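Residue numbers (this note's numbering): 31 to 432.
Glycine included, every Cβ here is placed at the ideal spot set by N, Cα and C.
Please read all numbers here as calculations on a predicted model, not as lab measurements.
Please read the structure below before turning to the comments.
Now the structure itself:
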């Protein structure tokens with residue numbers, strides 16, 4: 031196996047793998063680096079962008095978040111699997127599609143579940159969802175590599191026999207085009223419209239139906255998360271979810287009080303080829319518009335700004351963001367590899383939020399219309415919950431519009 035090209039080596043000797051152990055899984059990076067491990071989850075191989083996530087809870091929600099389509103997730107937290115899995119903590123709302131996550135990398139073997147809500151061991155759950163996993167890798171070294179060198183494309187492979195055609199796997203990793211220019215929304219959006227009426231989870235009650243539904247909202251599904259829909263329902267919104275390529279005229283014909291632009295995977299410029307013209311029409315209608323993550327990026331494109339690929343992206347549940355409109359700092363959940371270029375924002379757009387990690391843009395609003403968006407995930411489940419106020423801000427705009 032080839033030696034890593036990073037200044038700080040990653041190899042079998044720095045991982046929990048023993049020298050005599052036969053690897054049953056490999057992480058093959060595009061530069062030819064081959065990292066051995068123990069296979070877990072589904073058998074096979076898959077290509078994607080290797081990223082790391084710093085959250086200490088919510089691995090099941092992360093693995094089912096459609097925004098991670100096309101990515102191999104490295105968890106920096108050591109205890110993955112400790113609460114098992116269940117049928118409630120799933121974020122993909124498209125029942126006809128899986129989330130699109132290509133693989134999972136962890137340091138230690140899956141922790142045995144110890145939680146009253148656990149219904150299935152994580153390993154079995156990964157198998158049922160077709161997600162390939164690898165344990166036994168030095169995830170700290172891999173994380174340092176990504177931080178220093180930037181996100182890198184790769185391939186994750188699992189074969190219980192331990193027999194791998196490494197040259198063929200390296201070639202396959204190098205053939206993958208990468209995230210830039212890639213539209214992954216078509217793989218995760220819903221096939222047809224549907225209504226949603228489930229509110230946030232409550233202790234002892236689970237997910238309850240919404241009540242006092244005062245406002246009609248149409249949510250465009252670019253890879254929408256269930257908890258976004260729950261947050262909208264919990265603030266009194268009757269939600270209709272529509273596919274990503276739905277025309278603005280069809281949305282406006284539903285006479286919504288507001289329009290929501292969802293999160294999603296891939297390059298916003300690629301999805302924007304068909305989404306941005308429709309978003310422009312929705313903004314021009316005067317209806318309140320609220321966007322999150324990919325929805326934020328494509329709204330910015332529709333308003334005349336540009337997006338750019340980030341060095342390593344932001345993935346985790348501990349990102350500090352400042353809200354310029356209130357002066358407050360909130361701890362947020364993030365998952366994005368592209369960002370809106372602050373320098374490209376036109377004069378009609380005001381920057382409202384900024385990352386305190388690297389100063390990148392995290393929110394905008396249109397100065398003369400009820401239109402705003404944020405880069406992060408205010409609906410984060412299991413948390414943090416500092417940013418739930420944004421859904422109330424959206425509802426306030428709707429009420430003012432009425």
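Which runs of the alpha helix (DSSP H), 4 residues or longer, sit entirely within the stretch 103-179? 152-159, 169-179
In whole angstroms, what separates the C-alpha of residue 271 from that of residue 171? 41 Å
Helix or strand or just coil, what does DSSP make of residue 257? helix
Among 317, 368, 61, 209, the one whose alpha carbon lies nearest that of residue 179: 61
For residue 262 and residue 53, I'd like the C-alpha separation in whole angstroms. 46 Å
For residue 126, count neighbouring Cβ atoms within 10 angstroms of its own Cβ and tell me buried if that reaches 16, exposed if not. With a pLDDT of 48 at residue 126, under the threshold of 50, the modelled position of that residue is not reliable, and the figure given next carries that caveat. With fewer than 16 Cβ atoms within 10 Å of its Cβ, residue 126 is classed as exposed.
Spatial distance of residue 154 from residue 105 (CA atoms): 18 Å
Same chain only: Cβ atoms within 6 Å of residue 345, ignoring 5 sequence neighbours per side: 81, 83, 365
9 Å Cβ cutoff met for residue 199 and residue 64: yes
Beta strand (DSSP E) segment containing residue 273, residue limits: 267-273
Assigned exposure category for residue 393 - 16 Cβ within 10 Å defines buried: buried
Mind checking whether residue 90 and residue 120 have CB atoms under 9 Å apart? yes
What's the call for residue 349, buried or exposed, on a 16-neighbour Cβ count within 10 Å? buried
Could you name each continuous alpha helix (DSSP H) segment of 4 residues or more that falls completely within the stretch 268-316, going from the start of the chain to the end? 278-283, 298-314
Could you check which residue in 405, 389, 386, 388 has the C-alpha nearest to that of residue 395? 405
Should residue 165 and residue 76 be called a contact, given that it needs their Cβ atoms to be closer than 9 Å? no
Got a sec, what are the start and stop residues for the alpha helix (DSSP H) residue 91 sits in? 89-93
Go ahead and pull the three-state DSSP assignment for residue 418. coil
With a CB to CB cut of under 6 Å and the five nearest residues on each side skipped, what residues in its chain are close to residue 412? 87, 88
Close-in-space but distant-in-sequence residues of the same chain around residue 424 (CB under 7 Å, 5 per side omitted): 288, 318, 320
Which same chain residues, not among the five before or five after residue 173, have their C-beta less than 8 Å away from its C-beta? 82, 104, 106
Rounding to the nearest angstrom, what Cα-Cα distance links residue 400 and residue 160 in this structure? 42 Å
Let me know the secondary structure DSSP gives residue 198 once reduced to three states. helix
Would you say residue 313 touches the ligand GTP, meaning its beta carbon is less than 8 Å from a heavy atom? No copy of the ligand GTP occurs in the structure displayed, which carries no ligand at all.
Buried or exposed: which applies to residue 269, given that a residue is buried once 16 or more other Cβ atoms fall within 10 Å of its Cβ? buried
For residue 217, the first and last residue of its enclosing alpha helix (DSSP H): 215-218
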